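*Asks:* As given, the protein sequences belong to chains A and B, one line each in that order.
Counting in this note's numbering, the first sequence runs without a single skipped number right up to 118 at its last residue.
Counting in this note's numbering, the second sequence runs without a single skipped number right up to 236 at its last residue.
2 protein chains.
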Amino acid sequence: MVATDQLSRSFAALADPTRRAILERLAAGDAGVVELAMGSALTQPAITKHLKVLERAGLIARARDGQRRPARLQLDGLAPVDDWLRRAHAEWSHRLDRLEFHLAAQAESATHEEIPNA
Amino acid sequence: MVATDQLSRSFAALADPTRRAILERLAAGDAGVVELAMGSALTQPAITKHLKVLERAGLIARARDGQRRPARLQLDGLAPVDDWLRRAHAEWSHRLDRLEFHLAAQAESATHEEIPNA
Numbered sequence: 001m002v003a004t005d006q007l008s009r010s011f012a013a014l015a016d017p018t019r020r021a022i023l024e025r026l027a028a029g030d031a032g033v034v035e036l037a038m039g040s041a042l043t044q045p046a047i048t049k050h051l052k053v054l055e056r057a058g059l060i061a062r063a064r065d066g067q068r069r070p071a072r073l074q075l076d077g078l079a080p081v082d083d084w085l086r087r088a089h090a091e092w093s094h095r096l097d098r099l100e101f102h103l104a105a106q107a108e109s110a111t112h113e114e115i116p117n118a
Numbered sequence: 119m120v121a122t123d124q125l126s127r128s129f130a131a132l133a134d135p136t137r138r139a140i141l142e143r144l145a146a147g148d149a150g151v152v153e154l155a156m157g158s159a160l161t162q163p164a165i166t167k168h169l170k171v172l173e174r175a176g177l178i179a180r181a182r183d184g185q186r187r188p189a190r191l192q193l194d195g196l197a198p199v200d201d202w203l204r205r206a207h208a209e210w211s212h213r214l215d216r217l218e219f220h221l222a223a224q225a226e227s228a229t230h231e232e233i234p235n236a
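#1: Can you grab the Cα-Cα spacing for the pair V34(A) / L26(A), in whole Å?
#2: Below 8 Å on the Cβ atoms is my contact criterion, and I expect G39(A) with L59(A) to pass it. Report the Cβ-Cβ distance as a whole number of Å.
#3: Identify which residue in R137(B), G147(B), D134(B) has its Cα closest to the Cα of E91(A).
#4: Is it the case that the Cβ atoms of P17(A) and S126(B) are separated by a distance below 7 Å?
#5: For R137(B), count neighbouring C-beta atoms within 10 Å of its own C-beta (all shown protein chains included) and say buried if the count is 16 or more, exposed if not.
#6: Is the Cβ of P70(A) closer than 7 Å to any Cβ of chain B?
#7: Against S93(A), what residues of chain B qualify as contacts under a CB-to-CB distance less than 9 Å, listed in chain order?
#8: Please report the straight-line C-alpha distance between D201(B) and H112(A), rounded to a whole angstrom.
#9: Rounded to a whole number of angstroms, what is the C-alpha to C-alpha distance between F219(B) and A197(B)?
#10: Cβ of A189(B) within 7 Å of Cβ of R180(B)?
#11: Rounded to the nearest angstrom, what separates Q124(B) and V199(B) at their Cα positions?
#12: Report all residues from its chain with a CB closer than 8 Å to the CB of R187(B); omit the five preceding and five following residues, and keep chain order.
#13: At the level of alpha carbons, what is the spacing between L132(B) and L203(B)?
#14: Measure the C-alpha to C-alpha separation of A107(A) and R98(A) and round it to an integer number of angstroms.
#15: In three-state terms, what does DSSP make of L160(B)?
#16: Out of A105(A), L103(A), L73(A), H89(A), point me to the one whose CA is closest to L23(A)'s CA.
#17: Shorter than 7 Å from the beta carbon of L160(B) to some beta carbon of chain A?
#18: How would you write the range of the alpha helix (DSSP H) that R72(A) sits in, first residue to last?
#19: Under 7 Å between beta-carbons, which chain A residues line up against L132(B)? List them in chain order, please.
#20: Would you please verify whether the beta carbon of P135(B) is less than 7 Å from any beta carbon of chain A?
#21: Kindly indicate which residue of T43(A), L54(A), L103(A), A12(A) has the alpha-carbon position closest to the one of L75(A).
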């Protein structure tokens with residue numbers, strides 16, 4: 001999958017249970033690769049790879065603290081995803097409303113058509 | 119990317135600008151492959167492939183209407199994504215609150231330490 005736009009990068013970063021687990025772990029506190037690898041079945045290089053994906057998506061930032069590079073959640077990184085979903089919800093609900101209106105109008109006209117036979 | 123869980127499938131389905139454009143088009147009304155291919159740079163087989171991804175993610179349903187199989191938005195399909203994001207927001211905000219509290223406490227204790235020198 002070629003995900004060049006920011007929104008696609010964010011969705012793609014979230015489309016992996018391991019990366020979501022890393023984000024959930026970071027909600028408990030900043031952590032570096034070594035800490036994230038502990039208590040995980042993943043190797044440090046695998047964790048590093050996932051962190052890069054999360055960083056490119058703007059979902060984490062990595063500080064420089066001597067040798068350590070602890071990862072920190074970036075709440076702002078969810079903004080494009082939130083915006084898209086909010087818009088989708090508004091548009092989709094509107095679509096459902098119109099469908100319901102259309103079906104109600106059809107039912108109404110069907111009732112009127114039946115009147116001559118009543 | 120191996121996306122076996124429903125949530126990963128949903129995020130992965132949304133991680134593509136073409137698939138998001140298809141969803142936005144469907145918000146204006148149900149449409150089949152032929153209609154979706156019109157006014158698009160994509161071939162019908164490419165559209166069919168994208169629709170399969172969206173269908174597996176539960177974001178659309180495809181009716182049977184003779185030869186046509188119009189695609190329809192499934193608002194419920196966004197529920198797992200919404201739930202995850204709502205939870206992430208709550209946890210991440212909580213994390214930020216605690217960080218701020220921690221920093222405020224540090225600043226407070228730094229001020230107290232300065233008092234003897236005042």
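Glycine residues also receive a C-beta, built at the ideal position from the N, C-alpha and C atoms.
A quick note: this is a predicted structure, and the numbers were derived from the prediction, not measured.
*Replies:* The answer reads as follows:
#1: The residue given as residue 34(A) occupies position 34 in the first sequence. The residue given as residue 26(A) occupies position 26 in the first sequence. Those two C-alpha atoms are separated by around 13 Å.
#2: Position 39 of the first sequence, counting from 1, holds the residue named residue 39(A). Position 59 of the first sequence, counting from 1, holds the residue named residue 59(A). Between L59(A) and G39(A) the Cβ distance is about 21 Å, and since that is not below 8 Å, they are no contact.
#3: Residue numbering aside, residue 91(A) sits at position 91 when the first sequence is read from its first letter. Comparing Cα positions, the closest option is G147(B).
#4: Along the first sequence, read from residue 1 onward, the residue named residue 17(A) stands at position 17. Along the second sequence, read from residue 1 onward, the residue named residue 126(B) stands at position 8. Yes; because the gap between Cβ atoms is below 7 Å, this pair is in contact.
#5: In the second sequence, residue 137(B) corresponds to position 19, counting from 1. Answer is buried; the Cβ neighbour count reaches 16.
#6: Your numbering for residue 70(A) matches position 70 in the first sequence. Cβ-Cβ to chain B under 7 Å: no for P70(A).
#7: Position 93 of the first sequence, counted from the first residue, corresponds to residue 93(A). Here the neighbours are L193.
#8: Counted from its first residue, the second sequence places residue 201(B) at position 83. Counted from its first residue, the first sequence places residue 112(A) at position 112. D201(B) and H112(A): Cα-Cα distance of roughly 44 Å.
#9: Reading the second sequence from its first residue, position 101 is the one you call residue 219(B). Reading the second sequence from its first residue, position 79 is the one you call residue 197(B). When rounded, the distance between both Cα atoms is 33 Å.
#10: Taking the first residue of the second sequence as 1, we reach residue 189(B) at position 71. Taking the first residue of the second sequence as 1, we reach residue 180(B) at position 62. In contact: A189(B) and R180(B) (Cβ atoms closer than 7 Å).
#11: For this step, residue 124(B) is matched to residue 6 along the second sequence. For this step, residue 199(B) is matched to residue 81 along the second sequence. Approximately 9 Å between the Cα atoms of the pair.
#12: Stepping through the second sequence from its first residue, residue 187(B) is reached at position 69. Excluding positions up to five away in sequence, the list reads G150, V151, R180, A181.
#13: Mapped onto the second sequence, residue 132(B) falls at position 14. Mapped onto the second sequence, residue 203(B) falls at position 85. Near 14 Å, if we compare the C-alpha coordinates of L203(B) and L132(B).
#14: Counted from its first residue, the first sequence places residue 107(A) at position 107. Counted from its first residue, the first sequence places residue 98(A) at position 98. Computed Cα separation, rounded: 14 Å.
#15: Along the second sequence, one-based indexing puts residue 160(B) at 42. Looking at L160(B) - three-state DSSP - the assignment turns out to be coil, as it is neither helix nor strand.
#16: Translated into positions along the first sequence, residue 23(A) becomes position 23. The residue with the shortest Cα to Cα distance from L23(A) is L73(A).
#17: As a position in the second sequence, residue 160(B) is number 42, starting the count at 1. No, its Cβ sits nowhere closer than 7 Å to a Cβ of chain A.
#18: As a position in the first sequence, residue 72(A) is number 72, starting the count at 1. First-last for R72(A): 71-73, but that is the beta strand (DSSP E), not the alpha helix (DSSP H).
#19: As a working mapping, residue 132(B) is identified with position 14 in the second sequence. In chain order: F11.
#20: For this step, residue 135(B) is matched to residue 17 along the second sequence. It does: the Cβ of P135(B) has a partner Cβ on chain A nearer than 7 Å.
#21: Taking the first residue of the first sequence as position 1, residue 75(A) is located at position 75. Nearest option by C-alpha distance: L54(A).
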